[in-house]
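Engineer:
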Amino acid sequence: MNLSLVANTIRGLAMDGVQAAKSGHPGMPMGMADVATVLWLKFLKHNPKNPSWINRDRFILSAGHGSMLHYSLLHLAGFEDMTLDQLKNFRQWNSITAGHPEYGHALGVETTTGPLGQGCANAVGMAIAEEILSSRYNTSEQIIIDHYTYVIASEGEFEEGASHEVFSMAGNHGLGKLIIFYDQNFISIEGDTHMTYTDDVKKRMEAYDWHVQEINGHDYDQISEAIYSAQNNKTKPSIIICNTTIGYGSPNKAGSHDCHGAPLGEEEVALSKKNLGLPNEQFYISEEVKNIFTNRNNEMKEKELEWCNSFNNWKLSNKDLFKLWESAFNLVLPNFEDILPEFESGSSMATRASSGQTIQILADNIPYLVGGSADLAPSNNTYMKSYDDIGKNSFSGRNFRFGVRELGMAGIMTGIQLHGGLRVYGGTFLVFADFLRPAARLAALMGVPVIYVFTHDSFCVGEDGPTHQPIETCASLRMIHNMTVIRPCDANEVKVAWETALKNLNGPTALLLTRQNLPTLDRTKYTPAKELEKGAYILWSSSQKEIDIILIGTGSEVQLVLDVGEKLASEGYTVSVISMPSCELFENQSKEYKESVLPDSCDKRIVVEAGTSFGWEKYVGRKGKMICKNDFGASAPYGVLLEEFGFTIKNVYKKAKEL
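Position in the sequence shown (from 1) plus 771 gives the number in the working numbering.
#1: For the alpha helix (DSSP H) holding P800, just list the boundary residues, first then last.
#2: Please work out which residues of its chain come closer than 7 Å, Cβ to Cβ, to T1129, disregarding the five sequence neighbours upstream and downstream, and give them in chain order.
#3: In whole angstroms, what is the alpha-carbon distance linking V1378 and E1243?
#4: In its own chain, which residues sit with a C-beta less than 6 Å from the C-beta of K1316, not counting the 5 before and 5 after it?
#5: Just mark V1103 as buried or exposed, buried being the case when its beta carbon has 16 or more other beta carbons within 10 Å.
#6: Using only alpha-carbon positions, find the residue among N779, V789 and A898 that is nearest to I1183.
#7: Whose C-beta lies closer than 8 Å to the C-beta of V809 among residues of the same chain, with five residues either side of it excluded?
#8: Taking only the alpha-carbon atoms, compute the straight-line gap between H918 and D1029 and give it to the nearest angstrom.
#9: Report the residue ranges of all alpha helix (DSSP H) runs contained in full by the region 774-799; include only those spanning at least 4 residues, in chain order.
#10: Cα separation between G1174 and L1284?
#11: Short of 6 Å in beta carbon distance, which residues of its chain neighbour F952, apart from the five on each side in sequence? Order them along the chain.
#12: How do the region 1196-1212 and the region 1137-1151 stand: do at least 3 beta-carbon pairs fall below 8 Å, yes or no?
#13: Are T883 and L1133 close, meaning C-beta to C-beta below 8 Å?
#14: Could you check the C-alpha separation between Q889 and F957 for me, to the nearest Å?
#15: With a threshold of 8 Å on Cβ separation, who are the neighbours of L840 within its own chain once the five nearest residues in sequence on each side are excluded?
#16: From which residue to which residue does the beta strand (DSSP E) around D980 run?
#17: Restricting to Cα atoms, I'd like to know which of I1420, S1406 and Q955 is closest to Q1240.
#18: Quick check on the DSSP output: the alpha helix (DSSP H) that includes K1045 runs from which residue to which?
#19: Do T1153 and G1143 come within 8 Å of each other at the CB atom, strictly closer than that value?
#20: State yes or no: is the C-beta of G1162 within less than 8 Å of the C-beta of R1176?
#21: With distance defined between alpha-carbon atoms, name the residue in D1160, K1421 and E1304 nearest to H944.
#22: Nearest to T1185 by alpha carbon, out of S1125, A1215, F1166 and A1204?
#23: Based on Cα-Cα distance, which residue from F1114, N1084, A1099 and G896 lies nearest to D1293?
#24: Sort F938, V1332, S1341 and F1403 by Cα distance to K1396 and report the nearest one.
#25: So the candidates are A848, G795 and E1429; which of them puts its Cα closest to the Cα of K1072?
#26: Out of curiosity, what's the CA-to-CA distance linking W972 and M966?
#27: Where do the ends of the alpha helix (DSSP H) carrying T1185 lie?
#28: DSSP on W1269, reduced to helix/strand/coil?
#29: Which same chain residues end up closer than 8 Å to P1050 when comparing Cβ atoms and leaving out the 5 residues on each side of it in sequence?
#30: Using beta carbons (cut-off 8 Å, strictly below), is D856 in contact with chain D?
#31: Can you say whether Q863 is buried or exposed, counting buried as having 16 or more other CB atoms within 10 angstroms of its CB?
#32: Short check: CB of H817 to CB of H871, under 8 Å?
#33: I'd like the span of the beta strand (DSSP E) that includes D954, first residue to last.
This is the structure in structure tokens:
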């Protein structure tokens, strides 16, 4: 097999794609072409004719700026949507060859990468998912889940904080099926990496308890031997430090930051092709290279066929396991009305507590549900009490201990969800959503239905002070496109919020829950909590007459506006009290429904939320008032803060009377 010809062909395609686009990153694909060639032609188990084969190896280009490497491999491997025209339209309108690989745009792209470190985090999640599923479904007679997760990462990944968090956890969990190729070329955008980065990567990864090797990334024998060695180490994740030359093959730009993030130029492309033994022809692929990949694909078809036969035998002899398998991979949900109780009106509990009770019931009825917390399970109430922990040599449990790693947790969650066969949630304090925001944004971009459990959702955190009081955080989450944010007002809204989150398969859901107790509303007197699914609803109206004033509350402030509404009604005003737990769900409703809840005929409106007023202008209009919090809070008991910040019946009533 002429590996050199394949690698040089990849280099040619990468150069041509970037040159045609007049933008991009040719250096990394040229430097890692040898490693990628060996991996894809000798080790990577996948079938381009069935990209969704469950037991495929996962390949992640975490260094997403080198996307032409991935696109070239996908085209050569025969993924049907990755045509030569797509390579020629790299970074252009309506092409699937985006500047950085995007999940859902091209077959074979397992996750969206580019923000450095995120692909590594997703890969750790995928490797964890493989371990969990293999522990659940493999039997002593038949192994049906058995695959590797391979990652190509650059020095940028290793500098970003996300990699430190997830590599630490991967070593702690002994993820023996995770193999990372570290492209060590000592070049970044600004020049030599030694200006800012002199870590001893080998010692660092050994300290994380990884299996570490260092090789010449252009030596095919060393590459192969290193992968074999990594596969044979079953107890530790592996890193293969690949010493490479960025822009390998370019006579004048190899080894320089000049080829990191800019086209080589037509003259240098021609010289590079000559140096590599390629004809000076754009997007050239020889028949020999095509035949090499055809032969490899035929081998992979046979691999999948063997697996399918084994799977069918397993299915027949493990019928109960197969039922669980079908439920998990199709994300089948129970009938929530049959399993979730009605919380008793008049009781009082924090919404984090009612969420915790709901989680226990969901855990018993959704076997594929897994979750955890960033070292805050007792506060987040996220622990599934009847189930074991997930950890090294113990993947049959349901509970994650993510440690103090919010960003790592979120990236890992995305990888678990992308892998398939599980549904995952993760918890922390709402104020720490800022730590995980980059991963949450990518989950929203990809439409990955992870569930974030954010507790301690307002300045009512109290004595911990402004550092722990989320003021602008809720609004910042609402700003993320395709993120559904739900802030329930009582235990029964919490129950429906969980149901809504589990039914949402189009993107992430953030549940915002209180630390302080809230009364459970009497739903025989007020509208049923099921209406939460619509995002906003008329919780109570004093009359069917024309409305004098609309009071809008979310979460812990709903009871406050309800009390004020009833006080105003006792004075003869016609009041409509709105519970608005989710702006996103409300915006998805029909124009007619939105008008029925917030009629244009009533411009006297007040919104009350223990957070920033940003975003509420849309709902209160020019004549409305917002009782919100637009600074950083203070340290004191939460009852004192409510009084001092004006979240009282007296103040809300006063503002209403002014209207």
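For each residue, glycine too, the CB sits at the ideal point set by N, CA and C. Owing to the predicted nature of the structure, the values given are computational and were not obtained by experimental measurement.
Structural biologist: Based on what the coordinates show:
#1: Looking up residue 800 in the sequence shown gives position 29. Taken as a continuous stretch (DSSP letters only), the alpha helix (DSSP H) holding P800 covers G798 to V809.
#2: Walking along the sequence shown from the start, residue 1129 turns up at place 358. The beta carbon of T1129 sits closer than 7 Å to those of L1111, V1265, K1266 and W1269, all from its chain and outside the five residues before and after it, given in chain order.
#3: Position 607 of the sequence shown, counted from the start, is the residue given in the question as residue 1378. Position 472 of the sequence shown, counted from the start, is the residue given in the question as residue 1243. So the two alpha carbons sit approximately 16 Å from each other.
#4: Counting from one through the sequence shown, the residue named residue 1316 turns up at place 545. Closer than 6 Å at Cβ, skipping near neighbours: T1345.
#5: Residue 1103 sits at position 332 when you count from the first residue of the sequence shown. Counting of Cβ neighbours within 10 angstroms places V1103 among the exposed residues, the total staying below 16.
#6: Here residue 1183 is taken as the residue at index 412 of the sequence shown, counted from 1. For the options N779, V789 and A898, the alpha carbon positioned closest to that of I1183 is the one of A898.
#7: Looking up residue 809 in the sequence shown gives position 38. By the criterion of a C-beta distance shorter than 8 Å, V809 is surrounded in its chain by L774, Y991, I994, S995 and I998, once the five residues flanking it on both sides are discounted.
#8: Indexing the sequence shown from 1 puts residue 918 at position 147. Indexing the sequence shown from 1 puts residue 1029 at position 258. The straight-line gap from Cα to Cα measures roughly 38 Å.
#9: Those alpha helix (DSSP H) runs which fall completely within the region 774-799 and span 4+ residues are 774-792.
#10: Taking the sequence shown and counting its residues from 1, one reaches residue 1174 at position 403. Taking the sequence shown and counting its residues from 1, one reaches residue 1284 at position 513. When rounded, the distance between both Cα atoms is 21 Å.
#11: Reading the sequence shown from its first residue, position 181 is the one you call residue 952. Cβ neighbours of F952 within its own chain (closer than 6 Å, five residues either side excluded): V806, I923, I1011 and C1013.
#12: Short answer: they touch.
#13: What you label residue 883 is simply residue 112 of the sequence shown in a count that begins at 1. What you label residue 1133 is simply residue 362 of the sequence shown in a count that begins at 1. No. Outside cutoff.
#14: As a position in the sequence shown, residue 889 is number 118, starting the count at 1. As a position in the sequence shown, residue 957 is number 186, starting the count at 1. Their backbone Cα atoms lie some 20 Å apart in a straight line.
#15: For the purposes of this step, residue 840 is identified with residue 69 of the sequence shown, where counting begins at 1. Result list for L840: I781, A785, M799, P800, M803, A804, A807, L832 and I923, in chain order.
#16: On the sequence shown, position 209 is the one that residue 980 refers to. Going by DSSP, D980 is part of no beta strand (DSSP E) at all; its letter is neither H nor E.
#17: For this step, residue 1240 is matched to residue 469 along the sequence shown. Answer by Cα proximity: S1406.
#18: To locate residue 1045, count along the sequence shown from 1; it is residue 274. In this chain, the alpha helix (DSSP H) harbouring K1045 covers E1037 to L1047.
#19: Taking the sequence shown and counting its residues from 1, one reaches residue 1143 at position 372. Taking the sequence shown and counting its residues from 1, one reaches residue 1153 at position 382. Taking 8 Å as the Cβ cut-off, G1143 and T1153 qualify as a contacting pair.
#20: Translated into positions along the sequence shown, residue 1162 becomes position 391. Translated into positions along the sequence shown, residue 1176 becomes position 405. Annotated as distal: G1162 and R1176, with beta-carbon spacing of 8 Å or more.
#21: Along the sequence shown, one-based indexing puts residue 944 at 173. It is D1160.
#22: The residue you call residue 1185 lines up with position 414 of the sequence shown. Comparing Cα-Cα distances from T1185 to each of S1125, A1215, F1166 and A1204, the minimum goes to A1215.
#23: Stepping through the sequence shown from its first residue, residue 1293 is reached at position 522. The shortest C-alpha separation from D1293 is found at F1114.
#24: Numbered from 1 along the sequence shown, position 625 holds the residue referred to as residue 1396. Nearest option by C-alpha distance: V1332.
#25: Residue numbering aside, residue 1072 sits at position 301 when the sequence shown is read from its first letter. Looking at the Cα atoms, A848 is the closest of the given residues.
#26: As a first step, residue 972 is located in the sequence shown; it is residue number 201 there, counting from the start. As a first step, residue 966 is located in the sequence shown; it is residue number 195 there, counting from the start. Reading the sequence as shown, one finds Val at residue 972 and not Trp. For V972 and M966, the distance between alpha carbons rounds to 16 Å.
#27: Locating residue 1185 in the sequence shown gives position 414, counting from the first residue. Where T1185 is concerned, the enclosing alpha helix (DSSP H) stretches over E1177 to H1190.
#28: Position 498 of the sequence shown, counting from 1, holds the residue named residue 1269. Helix, per DSSP.
#29: Sequence index remark: in the sequence shown, residue 1050 carries index 279 (1-based). The residues are K1044.
#30: The chain inventory of the structure shown lacks chain D, comprising one protein chain alone.
#31: By one-based count along the sequence shown, residue 863 stands at place 92. Exposed is the call here.
#32: Within the sequence shown, residue 817 is the residue found at index 46, counting from 1. Within the sequence shown, residue 871 is the residue found at index 100, counting from 1. Contact flag unset, no.
#33: Start at 1 with the first residue of the sequence shown, and residue 954 comes out as number 183. First-last of the beta strand (DSSP E) with D954: L949 to Q955.
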